[in-house]
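Asker: In the working numbering, the protein residues as written are 18 to 286.
1) In terms of residues, what are the limits of the alpha helix (DSSP H) holding residue 230?
2) How many angstroms separate the CA atom of residue 113 from the CA atom of residue 53?
3) Unbroken beta strand (DSSP E) runs of length 3 or more, entirely within the segment 73-109: which are they?
4) Here's a check: name, in chain order, each residue in its chain whose Cβ is nearer than 6 Å to the Cβ of residue 192, leaving out the five neighbours to either side.
5) At 4 residues or longer, and completely inside the segment 121-163: list those alpha helix (DSSP H) runs for me, N to C.
6) Check for me: the beta strand (DSSP E) holding residue 273 runs from which residue to which?
7) Buried or exposed, going by whether 16 or more other CB atoms sit within 10 Å of the CB of residue 136?
8) Could you check whether residue 154 and residue 244 sit closer than 9 Å to each other, using their CB atoms as the reference points?
9) Whose CA, out of 213, 278, 219, 201, lies closest to the CA of residue 238?
10) Which whole-angstrom value is the C-beta distance of residue 247 and residue 230, which I expect to be below 8 Å?
11) Going by beta carbon distance, what residues of the same chain come within less than 6 Å of residue 145, once the five residues before and after it are set aside?
12) So which of 180, 188, 201, 207 has the shortest CA-CA distance to residue 261?
13) Classify residue 66 as helix, strand or coil using the three-state DSSP reduction.
14) Taking all protein chains shown into account, decide if residue 77 is buried (16 or more other Cβ within 10 angstroms of its Cβ) or exposed.
15) Suppose the cutoff is 6 Å on Cβ atoms and the five residues either side in sequence are ignored; what does the same chain contact list for residue 266 look like?
16) My understanding is that residue 258 touches residue 271, with C-beta atoms under 8 Å, so please give their C-beta distance in whole angstroms.
17) List the residues that DSSP assigns as beta-bridge partners of residue 179.
18) Looking only at its own chain, which residues have a Cβ that is under 8 Å from the Cβ of residue 178, when we skip the five neighbours before and after it?
19) For residue 283, which residues in the same chain have their Cβ closer than 7 Å to its Cβ, ignoring the five residues on either side in sequence?
20) Looking at residue 102 and residue 40, is the spacing between their C-beta atoms short of 9 Å?
21) Would you say residue 124 reaches chain C, if we count a Cβ-Cβ gap shorter than 9 Å as a contact?
22) How long is the line joining the alpha carbons of residue 141 and residue 86, rounded to whole angstroms?
23) If you follow the beta strand (DSSP E) that residue 30 is in, where does it begin and where does it stop?
24) Please report the Cβ distance between residue 276 and residue 128, rounded to the nearest whole angstrom; I am assuming they are in contact, meaning their Cβ atoms lie under 8 Å.
25) Using C-beta distances below 6 Å, list every residue in its chain close to residue 69, excluding the 5 sequence neighbours before and after it, in chain order.
26) Per DSSP, what are the beta-bridge partners of residue 276 in this structure?
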């Protein structure tokens with residue numbers, strides 16, 4: 018055990034910061050006593066760390082967590098571009114442990130942190146919409162795969178750049194995404210065409226909207242269709258974020274500023 022501890026201490030020696038991913042209190046206290054910056058990355062700050070980056074969704078791959086943690090720490094000025102950091106995941110918990118030394122500039126900016134934290138919509142709203150899309154991607158509609166398009170934030174401008182395909186079931190309602198009953202309604206309405214429009218604060222403004230932004234200059238990966246093109250284009254013309262569930266491949270994708278920012282597989286969550 019002492020040899021393992023010595024090996025670990027060697028891996029984190031002389032770095033500018035140590036990133037701990039969802040650590041136990043004992044792990045955090047052991048490293049926090051040492052000199053240097055300790056940044057905790059996780060869904061909640063259960064160890065009451067001074068330097069903390071909140072994970073909005075549970076990235077299942079270590080690279081995704083590291084990338085988000087580094088982008089968040091850079092944004093919060095907890096570390097600087099070019100710093101060398103040690104990333105510690107599940108250290109000494111009896112599960113698969115990983116320690117990696119990397120430089121903060123090894124990852125090109127992905128915009129994932131910016132997607133959640135600096136979007137027009139509140140971070141919790143973006144997270145709640147992701148959770149709806151992920152669950153819908155897992156279960157589909159009555160066992161069959163479905164596609165869905167959620168436009169989150171800057172709802173007034175989005176409504177001006179779209180038109181109704183049918184009646185709006187949410188026109189006189191004041192329901193918000195994240196409510197379990199409302200989420201069931203969203204999944205039920207998703208089988209019909211059109212986009213959901215959601216306000217900055219999470220109020221569902223409309224369903225069945227046909228988005229009409231210009232697609233000129235919007236670059237999406239080959240094989241993706243009109244739903245993704247419209248989702249990408251509306252984020253270029255407004256300050257909205259779009260979350261798209263693909264009916265063909267079942268993946269959930271997010272667009273911001275006309276760019277594809279995040280792609281995840283619901284089956285991994």
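Even for Gly, the Cβ is constructed at its ideal location relative to N, Cα and C.
Answerer: Let's see:
1) On the chain shown, residue 230 is found 213 positions in, with the first residue counted as 1. Bounds of any alpha helix (DSSP H) do not take in residue 230, whose DSSP letter is neither H nor E.
2) As a first step, residue 113 must be located in the chain shown, where it is residue number 96. As a first step, residue 53 must be located in the chain shown, where it is residue number 36. Residue confidence is low: residue 113 scores 44 on pLDDT, short of 50, so the model does not pin down where it sits. Its coordinate-derived value is still stated next. Spanning the two alpha carbons is a distance of roughly 25 Å.
3) 101-106
4) For the purposes of this step, residue 192 is taken as residue 175 along the chain shown, with counting starting at 1. Close CB contacts of residue 192 within its chain, under the 6 Å cut and outside five residues either way in sequence, are with 199, 221 (chain order).
5) 129-134, 140-156
6) Indexing the chain shown from 1 puts residue 273 at position 256. Judged by DSSP secondary structure, residue 273 falls within the beta strand (DSSP E) whose first and last residues are 269-273.
7) Within the chain shown, residue 136 is the residue found at index 119, counting from 1. Residue 136 is buried by the Cβ-count criterion.
8) Here residue 244 refers to the residue found at position 227 of the chain shown. Here residue 154 refers to the residue found at position 137 of the chain shown. No; because the gap between Cβ atoms is not below 9 Å, this pair is not in contact.
9) In the chain shown, counting from the first residue as 1, residue 238 sits at position 221. Of the listed residues, the one whose Cα sits closest to residue 238 is 278.
10) If you number the chain shown from 1, residue 247 lands on position 230. If you number the chain shown from 1, residue 230 lands on position 213. Contact check for residue 247 and residue 230: beta-carbon distance about 7 Å, within the 8 Å limit, so the pair qualifies.
11) Position 128 of the chain shown, counting from 1, holds the residue named residue 145. Here the set comprises 194, 195.
12) Within the chain shown, numbered from 1, the residue matching residue 261 stands at position 244. Checking every option, the nearest Cα to that of residue 261 belongs to 207.
13) As a first step, residue 66 must be located in the chain shown, where it is residue number 49. Coil.
14) Counted from its first residue, the chain shown places residue 77 at position 60. Looking at its Cβ environment, which holds fewer than 16 other Cβ atoms inside 10 Å, residue 77 is exposed.
15) Working through the chain shown from its first residue, we reach residue 266 at position 249. Excluding residues within five positions, none has a Cβ falling inside 6 Å.
16) Counting from 1 along the chain shown, the entry for residue 258 is found at position 241. Counting from 1 along the chain shown, the entry for residue 271 is found at position 254. Rounded, the Cβ-Cβ distance is 6 Å, consistent with contact.
17) What you label residue 179 is simply residue 162 of the chain shown in a count that begins at 1. Beta-bridge pairing links residue 179 to 228.
18) The residue you call residue 178 lines up with position 161 of the chain shown. Closer than 8 Å at the Cβ level, and outside the excluded window around residue 178, lie 228, 229, 230, 251, 254, 255.
19) In the chain shown, counting from the first residue as 1, residue 283 sits at position 266. Excluding residues up to 5 positions away in sequence, 151, 154, 155, 267, 269 lie with their Cβ nearer than 7 Å to the Cβ of residue 283 in the same chain.
20) Taking the chain shown and counting its residues from 1, the one referred to as residue 40 is at position 23. Taking the chain shown and counting its residues from 1, the one referred to as residue 102 is at position 85. Contact flag unset, no.
21) Among the protein chains of the structure shown there is no chain C, as only one such chain exists.
22) The residue labelled residue 141 in the question sits at position 124 within the chain shown. The residue labelled residue 86 in the question sits at position 69 within the chain shown. In a straight line, the C-alpha of residue 141 is about 17 Å away from that of residue 86.
23) Locating residue 30 in the chain shown gives position 13, counting from the first residue. Element bounds for residue 30: n/a, residue is neither H nor E.
24) As a position in the chain shown, residue 276 is number 259, starting the count at 1. As a position in the chain shown, residue 128 is number 111, starting the count at 1. That pair is a contact at about 7 Å.
25) The residue you call residue 69 lines up with position 52 of the chain shown. Excluding positions up to five away in sequence, the list reads 57, 62.
26) The residue labelled residue 276 in the question sits at position 259 within the chain shown. Bridge partners of residue 276: 273.
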